[in-house]
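Below is one structure, written out as structure tokens, with a few remarks after it.
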Amino acid sequence: MNVIKADTLGYCMGVRRAVESAEVALKEYKEKKVYSLGSLIHNTVALEELEQKGLRVLEEKDLESIDSNTVVVIRAHGISPKVKAKIENQKASVIDATCPRVTVSQNRVAEFSSKGYGIILAGDKGHAEVEGIRGFALGNFFCVQNLDEARELVNSPELKKTESLKNSPKEKYLLLCQTTFSPQEFEKISDFLKKHISNLEVINTICPATQQRQDALERLCKVVDGVVVVGGKKSANTIRLYQKAAGFVKNVVHIEKADEIPDFFKNLKTVGVTAGASTPDNVIDEVVSRLYGQCLS
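Residues 0 to 296, numbered by numbering that gives the first Met the number 0, are exactly what the sequence shown covers, in order.
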């Protein structure tokens, strides 16, 4: 078997920064309880390793239980100003590991909202990044997950109401997207909304790391018989890598750990490996080693 790794895969800058921030906090605040607000990243293996080092997970509903003996690491996805204020009101220390690119999106929403823009975000409803960004909107905020939902939004009473206020100009809108959103889907949504909302400003806020991994995967799919996509089952960008690979190659699997590789992969001549932006290097290495091991067994 020949195993080929995508030329871009694994940890992105934002995720690596969040993990390193948590590790530093665990070393510097040994006398305090160190939490991440929600899962630090969407990768079970990485979270288990951090848990063994002492990192605990704090849910938003439990914020009132923390105090000055607590350190809270804000995950890469970011949080809303309201939630951050709750943490600070409890006198807990805050280490903000929000991905810088997510911070840019948050600031843009705050800026455009203050100018009277309604916000339309292309993203996964309920995703931590989306909910954090929502908290920076001062007025109307809409989230669409795909082109069908964009069509529904255009015809929705909420949008039509703001678009046809009597004796006032049509409301202006800003369209942006979750940093890990599908570039292809965002283009479809953007093209459609431009035709139906006259005062629409569009800013593509997809992280280059997302596009780079998608492009690298597409190149990889041209030279392999199967693809192993490594990453958390709740990781949005990993799921999209799997979906993209499935459109090019017959044999595709999405796994979190090396022992989840299906036995039939050992019968393939050339296997490609890619990984989501929250997948640690050691997990990728274990997958590659297991693939070679299957070949020899």
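For every residue, glycine included, the Cβ atom is placed at its ideal position computed from N, Cα and C.
Asked, Found
"Supposed contact pair residue 274 and residue 9 - C-beta distance, whole angstroms, cut 8 Å", "5 Å"
"Residue 204 beta carbon less than 8 Å from that of residue 104", "yes"
"Within the segment 124-192, ranges of the beta strand (DSSP E) (whole runs, at least 3 residues)", "140-143 and 172-176"
"Cβ-Cβ distance between residue 67 and residue 32 below 8 Å", "no"
"Cα-Cα separation, residue 73 to residue 186", "30 Å"
"Residue(s) in a DSSP beta bridge with residue 121", "143 and 176"
"Close beta carbons around residue 57, own chain, < 6 Å, minus the five adjacent residues each side", "34 and 36"
"Beta-carbon gap between residue 248 and residue 260 smaller than 8 Å", "no"
"Given residue 281 as reference, the closest of 44, 11 and 0 once Cα atoms are compared", "44"
"CB-CB length for residue 244 against residue 290, believed under 8 Å", "Their Cβ separation, rounded to whole angstroms, is 15 Å, which puts residue 244 and residue 290 out of contact at 8 Å."
"Whole-angstrom C-beta distance between residue 272 and residue 5, which should lie under 8 Å", "7 Å"
"Residue nearest to residue 264 in terms of C-alpha spacing, selected from 246, 84, 283 and 287", "287"
"CB contact flag (residue 209, residue 237, <8 Å)", "no"
"Assigned secondary structure, residue 196 (DSSP; H/G/I helix, E/B strand, else coil)", "coil"
"Stretch-stretch touch, CB-based, cutoff 8 Å, three pairs: the segment 110-121 with the segment 170-184", "yes"
"Cα-Cα separation, residue 241 to residue 141", "27 Å"
"Closest by C-alpha distance to residue 22, when choosing among 199, 255, 156 and 94", "94"
"Supposed contact pair residue 41 and residue 277 - C-beta distance, whole angstroms, cut 8 Å", "5 Å"
"Inter-residue spacing [alpha-carbon to alpha-carbon] between residue 106 and residue 220", "37 Å"
"Per-residue burial, residue 177 [other beta carbons within 10 Å of its own, 16 or more giving buried]", "buried"
"Nearest-angstrom beta carbon gap, residue 71 and residue 134 [assumed within contact, 8 Å]", "Residue 134 to residue 71, Cβ: 16 Å. No contact."
"Contained beta strand (DSSP E) runs [length at least 3] in the segment 245-285, N- to C-terminal order", "250-254 and 269-274"
"7 Å CB neighbourhood of residue 1 in its chain, flanking five on each side removed", "268 and 269"
"Buried or exposed by the 16-neighbour rule on C-beta atoms within 10 Å, applied to residue 279", "buried"
"Neighbourhood of residue 285 by C-beta, 6 Å cutoff - its chain only, sequence neighbours within 5 removed", "257"
"Proximal residues to residue 202 (C-beta, below 8 Å), its chain only, five neighbours per side dropped", "107, 173, 174 and 175"
"Beta-carbon spacing of residue 200, residue 232 below 8 Å", "no"
"Through-space distance from residue 99 to residue 164, alpha-carbon basis", "Its pLDDT being 44, under 50, residue 164 is placed unreliably in this model, and the value from its coordinates should be taken loosely. So the two alpha carbons sit approximately 37 Å from each other."
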